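Residue numbers (mature numbering (1 follows the signal peptide of the UniProt record, and there is no 0)): -33 to -1, 1 to 260. The beta carbon of each residue, even a glycine, is placed where N, CA and C say it ideally should be. Quantities reported herein were computed from a predicted structural model and do not represent experimental measurements.
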């Protein structure tokens, strides 16, 4: 056979083999899906310090007369449901206070991708355990009969609170271990041991707190939580008991947001703000169980 013919034959055979190999090639496996609970863009330090996140929000008033188990409140929620359902958080005020003292956290957290209810308690004099029960009642209302119930993933819930409301959030976590996160803000409670709490908990104390001094409240609460799967203690530098309610404390807000994002949404994109331990002039001390499991 002439050489040119051999070359043409060889080329044809090579092309046929390549085509056959391409047809037999197994397609590459698709990339793993992102965490289905992630809501919103990748976070930055600027985004977690911002007064508002990426979600447009609306709010609805919950009349005291329309509910049982707590004193009514205000629901803040993302208006866009294209990303799916959201985790939910109930927030309690402290002794003698109304929901107005913690209301600033409602739109701030909701705009980051949560349904939030700030509650009024049955009485402004209610003690921490009662406030814990009321926080749980508010979550049950949110997921069971509220006008936004279809927007909520009832398996992803958390509690927050200030002062006796912070003590209430610890009580709620002790009562309902299925909660995904708790954030007591300058918490007050006569109980000092919380060894049975199994909810990831961030305790925020204030260095100059004379109402609930960290030495007899926030610090022993944190230390006693020996069975909590994850915990952290953030002490605000040169701050008073009212720091989480007055002046919209950015430090308390940014780490509270990071905590509930990490544990309610299982969003590991927020680990970077919690591990390694954050520091700076606004933080007197930070302790934690880093690295997170």
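Residue range of the beta strand (DSSP E) that includes residue i
i, result
"residue 203", "198 to 203"
"residue 168", "168 to 173"
"residue 256", "Neither: residue 256 is in no beta strand (DSSP E) and is coded neither H nor E."
"residue 149", "148 to 152"
"residue 28", "24 to 29"
Beta-carbon gap between residue i and residue j smaller than 8 angstroms
i, j, result
"residue 2", "residue 238", "no"
"residue 56", "residue 126", "yes"
"residue 263", "residue 173", "The shown model of the chain, from -33 to 260, leaves out residue 263, and the question about it has no answer."
"residue 131", "residue 101", "no"
"residue 37", "residue 91", "no"
"residue 138", "residue 169", "no"
"residue 218", "residue 203", "yes"
Enclosing alpha helix (DSSP H) for residue i [first to last residue]
i, result
"residue 190", "185 to 191"
"residue 102", "95 to 111"
"residue 16", "12 to 16"
"residue 41", "From DSSP, residue 41 is part of no alpha helix (DSSP H) but of the beta strand (DSSP E) over 40 to 45."
"residue 217", "217 to 231"
"residue 138", "131 to 142"
Top-ranked residue by Cα proximity to residue i, from the options
i, options, result
"residue 178", "157, 191, 190", "157"
"residue 167", "205, 47, 257, 206", "257"
"residue 210", "128, 135, 225", "128"
"residue 7", "246, 240, 236, 180", "236"
"residue 13", "225, 231, 259", "225"
"residue 124", "81, 62, 98", "81"
"residue 154", "34, 163, 136", "136"
"residue 161", "83, 96, 84", "96"
> Whole beta strand (DSSP E) runs in the segment 50 to 89 with 3 or more residues, listed along the chain?
Replying inline: Complete beta strand (DSSP E) runs here, min 3: 53 to 59, 81 to 86.
>> For the pair the segment 23 to 38 and the segment 237 to 255, tell me if three or more CB-CB distances fall below 8 angstroms.
In response: Fewer than three Cβ pairs drawn from the segment 23 to 38 and the segment 237 to 255 lie within less than 8 angstroms of each other, which leaves the two stretches out of contact.
> Is there contact between the segment 8 to 21 and the segment 188 to 205, where contact requires at least three CB pairs shorter than 8 angstroms?
Replying inline: No: the two stretches stay apart, fewer than three of their Cβ pairs being nearer than 8 angstroms.
>> Does the structure place the segment 66 to 78 close enough to the segment 135 to 151 that three or more beta carbon pairs sit under 8 angstroms?
In response: No, the segment 135 to 151 does not touch the segment 66 to 78.
>> With a threshold of 8 angstroms, are at least 3 pairs of Cβ atoms found where one atom belongs to the segment 108 to 120 and the other to the segment 42 to 61?
In response: Cβ pair count under 8 angstroms is three or more, so yes.
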